[in-house]
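Participant: Protein sequences, first through last, are from chains A and B. Numbered by our numbering, the letters in the first sequence go through residues 288 to 577 in order. Numbered by our numbering, the letters in the second sequence go through residues 23 to 274 in order. So that we are looking at the same thing, I have put the structure below in structure tokens.
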Amino acid sequence: MLEGVLIYGFINSVLLVLVAMGFNLTFGISGVANFAYGALYIMAGFLCWGLLNSLGLPYWLAVAVSVAAIALLAGLLFRFVLLRVRGLVISEVIATFGVGLAILELFRYWGFIGFEYTLPVWLDASFDIGETVVDGQRLIMVAVGAGLTLFLWFFTRHSRIGRAFRGIAQDERTALTLGINADLTAAFAVAFGAGYAAMAALVILPLGTIAVNEGYNVLVNALAVCIVGGLGSTMGVIVAGFLIGYAQIFTATYGETHWMMIVSLAALLVILLVKPSGLFGKQKELEERI
Amino acid sequence: MSQAILQVEDLSKSFGGVKAVSGVSFELMENQVLGVIGPNGAGKTTLINLLTGFVRPDRGKVLFRGQNIAGMKPYKVANLGVARTFQMVKPFYQLPAFKNLVLPLKSPRAKQLTGGRYGDRDAVAKDLLEEVGFERDSWVIFKQASVLPHGYLKRLELARCIAMAADLVVLDELFSGLSLAEVASLVPVIDKLRVQGKTIIMVEHRLRELFRIADRVMVMNFGQKIAEGKPREVMEMPAVRGAYLGSEEEGA
């Protein structure tokens, strides 16, 4: 049983990292806490579902188009909504939260509820790892999670836009004096984060149904992981993802399944009491110094 | 014959009811050093923000090499060759000191000037740091900016401007918070910039050192330019003495 817990804990941890990475990326670079994140995640699912079932696109193409469309939509959200309230943190939160709420509740209003809203698995097979059976979709999810994390690491270090990302992440005004177009870079960051959300959605949603309420859960999980890890820190997201991921699976195995969500919230509370800047957070240190 | 690199005409900016900068005009010749002085709240930093695109003017022109840059986005101004420092230092705190310079050395402007053949940027960055007074073969250049003392961060601000290969360098109270010895060691660096053909605007409170460097000095008070001229002459003007010392002529 312990072997199963370890394997499924690992899978759950990667899932959380995957879910939180886009939110963290956007916040770390542009300072925008995108509360429409969960809605964009769900929207990617419904969009892909529509492309598959209404237009009959091949699965891989539907996935690619959905990810691109969600990224573009988020970029437009930045350009036409967030840019006007840029720097006013509360307004940014209210604006993104409002947009997210509108998207999710519109789906509910239009009747996108039910068990028929599912995406096919990418790989219909299961594998034995030791004595534990793991299905192909979960293994693909682990691979995609690792791939996206590595890609992010290379991208921010070895590409021009990636360096611009890191520049404005550390000091936007200084980045401006170096000739970096901060608004455009921030728009990219929001789009990029949303693209990651869509990618996470399309690899995770085949494990269940596309449900509006999942949009809220995803947002809460992403927030919990990012805040515990320290907002803006990639290493923080990975460590916090694994901490909460294993804690959830241990709770579900040795306690009750419905306590799983409580674990993330409890972790959130504890970290806010003990170290508000998060495990790897740098915000507070710098503020103290200045 | 040198010509004007910067022409400022009737530049004005209000915040609410406060006229931070009001109808300021001046000209700056290529390769000159202009000092900008005045009491706290005189509008000096707002003037810098207006020149570098960080604040949009209500009216007026800023002609840089004949092109109006008033209201242009800061990154575009930077790409044209105007660099600035910040009074409150703003390094990339999470990068080592020399990596702070690798970013400007890879900036769009650097790419334009070098055609993308940057050479060994790490080495150039270290040379630059040595030029502004970092000890070369020591640990200091590898330390994260967040742990460096204030004096080094001020030098880093200056080095960033040099790395941008700007033609016009705008220094916002570069000397503030530095010891006499630190200031004395920076003066030759600025002299060298002038020899290299840079044009410099310095907002300063450290008048003794400023007067040693500046060709001309402009005095501001309550957002307006109240005097301009050679450093010593300016300080003899009654309006300037009034602004600084609150002399009795004011009420007369």
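Every residue, glycine too, gets a C-beta built ideally from N, C-alpha and C. Only a predicted model underlies this, so the values are computations on that prediction, with no experimental measurement involved.
1) Contact criterion: CB-CB distance below 8 Å. Does Ala553/A meet it with respect to chain B?
2) Mind checking Leu560/A: buried by the 16 CB within 10 Å criterion, or exposed?
3) Applying the 10 Å Cβ sphere with the 16-neighbour rule, what's the burial state of Gly82/B?
4) Go through its chain and collect everything with a Cβ distance to Asn105/B's Cβ below 6 Å, but skip five positions before and after it.
5) In chain order, what residues of the same chain lie with their CB nearer than 7 Å to the CB of Gln54/B, ignoring the 5 residues before and after it?
6) Output yes or no for whether 8 Å exceeds the beta carbon distance between Phe108/B and Glu179/B.
7) Closer than 8 Å between beta carbons: that is the criterion. Which residues of the region 148-162 of chain B meet it against chain A?
8) Is the Cβ-Cβ distance between Gly362/A and Ala474/A less than 8 Å?
9) Pick helix, strand or coil for Gln166/B, following the three-state DSSP scheme.
10) Where does Ile467/A fall in DSSP's three states?
11) Jot down the residue ranges of each uninterrupted alpha helix (DSSP H) in the region 468-532 of chain A, minimum 4 residues, whole runs only, in chain order.
12) Nearest-angstrom Cα distance between Leu289/A and Leu334/A?
13) Here's the rule I'm using: 16 or more other beta-carbon atoms within 10 Å means buried, otherwise exposed. How should Val515/A be labelled?
14) Starting from the C-beta of Thr540/A, find all residues in its chain whose C-beta is less than 6 Å away, skip the five residues before and the five after it, and write them out in chain order.
15) Short check: CB of Asn299/A to CB of Gln535/A, under 8 Å?
16) Work out the CA separation of Ala323/A and Gly385/A for me, nearest whole Å.
17) Straight-line CA distance for Phe37/B to Asp194/B?
18) Is there at least one Cβ from chain B nearer than 8 Å to Glu574/A's Cβ?
19) Out of Val225/B, Ala42/B and Phe114/B, state which residue places its alpha-carbon closest to the alpha-carbon of Gly63/B.
20) For Val84/B versus Leu69/B, is the C-beta distance shorter than 8 Å?
21) Around the C-beta of Tyr404/A, are 16 or more other C-beta atoms found within 10 angstroms, so that it is buried, or is it exposed?
22) Note down, in chain order, each residue of its chain lying with its Cβ closer than 6 Å to the Cβ of Leu267/B, except the 5 sequence neighbours on either side.
23) Just curious, the alpha helix (DSSP H) that Arg216/B is in, first and last residue?
24) Hey, quick one: how far does the beta strand (DSSP E) through Leu28/B stretch, first residue to last?
25) Here's the rule I'm using: 16 or more other beta-carbon atoms within 10 Å means buried, otherwise exposed. How should Lys110/B be labelled?
26) By the 8 Å beta-carbon criterion, what residues does the region 101-127 of chain B contribute toward chain A?
27) Return the CA-CA distance between Met428/A and Asp411/A, expressed in angstroms with no decimal places.
28) Return helix, strand or coil for Thr74/B, following the three-state DSSP convention.
Facilitator: Walking through what the data contain:
1) no
2) exposed
3) Of the other Cβ atoms in all chains shown, 16 or more fall within 10 Å of the Cβ of Gly82/B; this residue is therefore buried.
4) Note that residue 105/B is Ala in the sequence shown here, rather than Asn. Around Ala105/B: Cys183, Met186, Ala188 and Val191.
5) Its chain contains Thr221, Asp237 and Arg238 as the residues whose beta carbon lies nearer than 7 Å to that of Gln54/B, once the 5 sequence neighbours on both sides are disregarded; these appear in chain order.
6) yes
7) Those residues of the region 148-162 of chain B placed with their C-beta closer than 8 Å to a C-beta in chain A do not exist.
8) yes
9) strand
10) Shown here, Ile467/A sits in coil according to DSSP, grouped into three states, outside any helix or strand.
11) 469-491 and 499-516
12) 39 Å
13) By the Cβ-count criterion, Val515/A is buried, with 16 or more other Cβ atoms from all chains shown falling within 10 Å of its own Cβ.
14) Cβ within range, chain order: Val292.
15) yes
16) Cα to Cα, Gly385/A sits roughly 8 Å from Ala323/A.
17) 20 Å
18) Only weak support is given to the placement of Glu574/A: the predicted model assigns it a pLDDT of 48, under 50, and the question is left unresolved by the model.
19) Ala42/B
20) no
21) buried
22) The same chain holds no residue with a CB closer than 6 Å to that of Leu267/B once the five nearest residues on each side in sequence are set aside.
23) Leu202 to Val217
24) Ala26 to Phe37
25) Before going on, a small fix: residue 110/B reads as Met here, not Lys. Exposed, because fewer than 16 other Cβ atoms sit within 10 Å of the Cβ of Met110/B.
26) Asn101, Ala105, Arg106, Phe108, Met110, Lys112, Pro113, Phe114, Tyr115, Gln116, Leu117, Leu125 and Pro126
27) Rounded to whole angstroms, Met428/A to Asp411/A spans 13 Å at the Cα level.
28) coil
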